[in-house]
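Working notes, structure below.
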Amino acid sequence: MKKYVISLSLCLFFATLVTAQVDRSKRPIPGPAPTINLGTPQTFNLDNGLKVMVVRNTKLPRVRIQMLIDNPLYASGNKVGVENLLAAMLGNGTTSISKDEFNEEIDFLGASINFGSQSAFASSLSKYFPRVFELMADAAINPLLTEEEFQKEKDRLLESLKNNKTDVSTVSRQVSNALLYGKNHPKGEFTTEESVQ
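In our numbering, the protein residues as written are 7 to 203.
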């Protein structure tokens, strides 16, 4: 026990000496800026007109894909809540696979698939990517849109909007965006209970 106390005391003493030698009033000299090597993307168009950009990085055995849809906003003004509802319903199964089976398979593969109203994202290990890509494409092209899921998502969104009314950061962001962009600009709009109804 005595050796333990002496060893601990010596460690603390030397740690204090080392930190005492650093002059915190002077700014440290910065090291060299790190070099960032972004791969050169390969770009090509598919037969359906979809533009594809591929950047290879073989450092880790994983694949990430992001799909961006450059289309005009269809839900604005008093319909902005429709966009949120649609985004929430995407990725909840497909016409060929149920929601539970869809989610279980994604979990089993250790993958991640997320959808937004104008985007989709998937990530997985390279060896599982063909199946993950199939699931993502199926969910984007053949989403399972049922009345039951629609009502659940609508209720969930309405409850979230009620909670957001008392969240200072949410209210602050909404007011800031409305002032910066104007209420008639897509970035100045925000989802309200009326726009969901």
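Note that beta-carbon positions come from the ideal geometry of N, C-alpha and C, so glycine has one too.
Of the residues the options, the one placed nearest residue i, counting alpha carbons only
i: Ala94; options: Asn120, Ile112, Glu110; result: Asn120
i: Gln124; options: Leu74, Gln48, Gly99, Asn63; result: Leu74
i: Thr101; options: Ser118, Glu140, Leu150; result: Leu150
i: Lys193; options: Glu199, Glu200, Val181, Val202; result: Val181
i: Lys48; options: Phe139, Ile42, Lys57, Thr41; result: The question names Lys, yet the displayed sequence has Gln at residue 48. Of Phe139, Ile42, Lys57, Thr41, the residue nearest in Cα terms is Lys57.
i: Ala146; options: Asn98, Gly116, Ser178; result: Asn98
i: Gln66; options: Pro34, Lys133, Arg33, Leu52; result: Note that residue 66 is Leu in the sequence shown, not Gln. Per the Cα distances, Lys133.
i: Val138; options: Lys189, Lys158, Arg162, Arg70; result: Arg70
i: Leu115; options: Ala128, Gly188, Gly122; result: Ala128
i: Leu167; options: Leu91, Thr64, Asp106; result: Leu91
Counted within 10 angstroms of its Cβ, other Cβ atoms place residue i as buried (16 or more) or exposed
i: Met142; result: buried
i: Ser130; result: buried
i: Glu89; result: buried
i: Glu195; result: buried
i: Ala39; result: exposed
i: Val11; result: exposed
i: Ser201; result: buried
i: Thr197; result: buried
i: Leu186; result: exposed
i: Ile112; result: buried
i: Phe108; result: buried
i: Phe135; result: buried
Residue range of the unbroken alpha helix (DSSP H) whose run includes residue i
i: Gln157; result: 153-170
i: Phe196; result: Where Phe196 is concerned, there is no enclosing alpha helix (DSSP H), given that its DSSP letter is neither H nor E.
i: Ala39; result: Segment: none, Ala39 is in no alpha helix (DSSP H) and carries neither H nor E.
i: Tyr187; result: 174-187
i: Leu141; result: 135-147
Inspect the CB distances between the segment 170-182 and the segment 140-158 and report whether three or more fall short of 8 Å.
no
Only counting runs of 3 or more residues, tell me where the beta strand (DSSP E) segments fall wholly within the segment 43-129, in order along the chain.
48-51, 57-60, 68-74, 118-121
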